[in-house]
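A.B. asks: Let me begin by handing over the structure; questions about it come next.
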Amino acid sequence: MADPLMVDRGLLTISGLDCFYGEVQVLYGLDLVLNKGEVLCLFGRNGAGKTTTLKAIMGLVPAAAGSITLDGKELTGLAAHDVPKAGVAYVPQGRRLFADMTVAENIDIGLMTRRKGKQTRENVLDLFPLLRERLKQRSGTLSGGEQQMLAMARALCLEPQVLLLDEPTEGLMPSMIAKIRETVAKLRELGVSTILVEQRVDAVLSVADRVSFIENGRNRETVDVEELRADPSAVRRYVGVG
Amino acid sequence: MHFGPHLLLAALEGLVTSAVLALTALGLSLVFGVMRIVNVAHGEFFMLGAVLAWAISTAISGHPAIGFVAALVIAPLMVGLVAFFAEWLVLRRLNYNPESTIVATIGMLYIIQQLALTFYGPEARPVEPPFSYRILLPWFGYSGYKLSVVAASAILLVLTWLVLTRTRIGLIMRATQYDRETAQAFGIPVERVYAGVFAIGAMLAAIAAVLIVPISQAHYLMGQDPLLLSFIVVIIGGLGSLRGTVVAAILIGLSDGIISMFFSPTLAKIIATLVVAMVLVFRPQGLFGTTQR
């Protein structure tokens, strides 16, 4: 592997990251580079460490060793609530909306994070016009797909430099999956740099620029998506399906 | 006195109990709801409020109303400061672990209680009410101050509700209560929220205590009953539910007042505890609580 100092460092760079849950080590010296404006997909089996990687970026799981830098700024030393303020937005697995609150209140919490105002709110609602009709509704009563849209809208209220999406299509019906995928593609056109955790091969191939194969807490290899389309054998090697 | 007026008197007494209880229990409920901490020292913050109210009102000469108003402002602030400090010194270091914090707050209970015994003494001391107007009903006269306690409590409850539902601080508190991790992912400094909530919870108990001392005197052991009753109210109403807390406080306060007057205070406590047992068996989340996520 090339010396990371010699190549373009990218927008978000993870190097040598070790993470633990209590005594159990989950990430072993994980390296990852997200370039500006791309969709990087983390692909791998359950328990490989994909979600942990995202949580580590957010500071929700402490880094025992290694570094995570955003635009050259070190994130590992920050308190968990300061990471989003630096410009990283998170759409957690299972959406994790504040289900007791209305759609509008969930969006307000997103806006408060980096003190964004009405303009941001309008832009985000233009992206998800469906939510505009539901502002007063309790978010827990939305359908699964609508909840996923709200989770993404809430994150985009930060106007983030980097967006972390953890299995956004999990548990949705096919028409909704297509809609979410369209949204990810639209966000890429808008220049949002995204790390996407996915388990479906077809989803990966259609929206990703590059794919990192995560296995046993390590990044085994990162390939361009064209390469993968031409030769999908890597998918079978790491996930055993495809 | 005939039955009707007698019942009215019992209901009025019960309403005063309800008013004070609602405030105290709301503090306990907020702390549990947001921080998931069972604060066994809550009654001692109540006691501390009453004892400080006595100290402040006796230190200030002049019309009793001046001393009382000073106590109503200063005592809760001081109690809030003590709670803020205790949170930083103890609870934060235990990482808010649910079991450890129960033991830790039991420790706080004894520390605060013994400090009060050492510096305040074992006597029960009265605080003069700010005014002594009596409302004359056709059957009996009733303390205007007691009714003003009910009004003050109602105003504070409405204020708390408005803060929780209509303000940015309330939104932050509710987000922290609902999902601590996701709240952090949206820039909410949960430790600062926790410190604030713990202080506010203690201050609500202290305000309730300042309101009640002109009626029931300050004593270093006075925190035990409010603690027990607050737990009863919070369990019946549903932890973390403001509406449930208020409804349960009125229920328990009124039944306590009425049963105490017609039968005996012991029977009132027996029935309240029985209701708690029944609620725990048949509706463990409380009357207005939602099931745990």
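Chains as they are written, first to last, in our numbering: chain A, 1419 to 1660; chain B, 7 to 299. Cβ atoms here follow ideal geometry from the backbone N, Cα and C, with glycine treated the same way.
(1) Verify the CB distance criterion: does B:W54 have a CB-CB separation below 9 Å to chain A?
(2) Using only the alpha-carbon positions, how far apart do A:V1602 and A:V1643 sit?
(3) Let's see if you can read the secondary structure: which residues bound the alpha helix (DSSP H) around B:G49?
(4) Going by beta-carbon coordinates alone, are A:L1515 and A:L1568 separated by less than 9 Å?
(5) Label B:H8 either buried or exposed according to how many other C-beta atoms from any shown protein chain fall within 10 Å of its C-beta, with 16 as the threshold for buried.
(6) Should B:I211 and B:G49 be called a contact, given that it needs their Cβ atoms to be closer than 9 Å?
(7) Over what stretch of residues does the alpha helix (DSSP H) that includes B:Y116 continue unbroken?
(8) Just checking: is the beta-carbon of B:P104 within a distance shorter than 9 Å of some beta-carbon in chain A?
(9) Using a Cβ-Cβ distance cut-off of 9 Å, determine whether A:V1629 contacts chain B.
(10) Rounded to the nearest angstrom, how far is the Cβ of A:F1631 from that of A:A1652, given a contact under 8 Å?
(11) Can you find a C-beta in chain B that's less than 9 Å from the C-beta of A:G1455?
(12) Counting along the chain, where does the alpha helix (DSSP H) carrying A:L1582 start and finish?
(13) I'd like to know if the segment 50-57 of chain B and the segment 73-89 of chain B are in contact, where contact means that at least 3 CB-CB pairs between them fall below 8 Å.
(14) Residue range of the alpha helix (DSSP H) that B:V22 falls in?
(15) Let's see if you can read the secondary structure: which residues bound the beta strand (DSSP E) around A:E1639?
(16) Give a yes or no on whether the minimum CB-CB distance between B:Q298 and chain A is below 9 Å.
(17) Put A:D1449 into one of helix, strand or coil per three-state DSSP.
(18) Would the segment 1495-1508 of chain A count as touching the segment 1436-1453 of chain A if we require 3 or more Cβ pairs under 8 Å?
(19) Would you kindly work out how many angstroms separate the C-alpha atoms of A:P1502 and B:L162, rounded to a whole number?
(20) Which class does A:Q1511 belong to by DSSP, given the choice of helix, strand or coil?
(21) So for A:P1422, helix, strand or coil by DSSP?
(22) Where does B:Y148 sit, in a helix, a strand or coil, going by DSSP?
C.D. replies: So, from the data block:
(1) This sequence places Leu at residue 54 of chain B; Trp is not what is there. Not an interface residue.
(2) Distance between the alpha carbons of A:V1602 and A:V1643 is about 16 Å.
(3) If you look at B:G49, you'll find it in the alpha helix (DSSP H) that goes 48-65.
(4) A contact, by the Cβ cut-off of 9 Å.
(5) Label assigned to B:H8: exposed.
(6) Note on residue identity: the sequence assigns Ala, not Ile, to residue 211 of chain B. The answer is yes: Cβ separation under 9 Å.
(7) Start and end: 104-126.
(8) No, because no Cβ of chain A sits closer than 9 Å to the Cβ of B:P104.
(9) Judged by the 9 Å Cβ criterion, A:V1629 is not in contact with chain B.
(10) Contact between A:F1631 and A:A1652 holds, since their C-beta atoms are separated by about 6 Å, short of 8 Å.
(11) Closer than 9 Å: no.
(12) From DSSP, A:L1582 is part of no alpha helix (DSSP H) but of the beta strand (DSSP E) over 1580-1584.
(13) Between the segment 50-57 of chain B and the segment 73-89 of chain B there are three or more C-beta pairs closer than 8 Å, enough to call the two in contact.
(14) The continuous alpha helix (DSSP H) containing B:V22 extends over residues 9-41.
(15) From DSSP, the beta strand (DSSP E) with A:E1639 extends over 1636-1642.
(16) Below a pLDDT of 50, predicted positions are generally treated as unreliable, and B:Q298, at 49, falls in that range; the measurement from the model is reported next regardless. Between B:Q298 and chain A, the shortest Cβ-Cβ separation is not below 9 Å.
(17) If DSSP states are grouped into helix, strand and coil, A:D1449 belongs with the strands.
(18) The answer is no - the segment 1436-1453 of chain A does not touch the segment 1495-1508 of chain A, with fewer than three Cβ pairs under 8 Å.
(19) Taken atom to atom, the span from the alpha-carbon of A:P1502 to that of B:L162 is near 35 Å.
(20) Here A:Q1511 sits in coil by DSSP.
(21) With a pLDDT of only 47 at A:P1422, under the threshold of 50, the placement of this residue in the model should not be trusted, and no figure is reported.
(22) In the structure shown, the three-state DSSP call for B:Y148 is strand.
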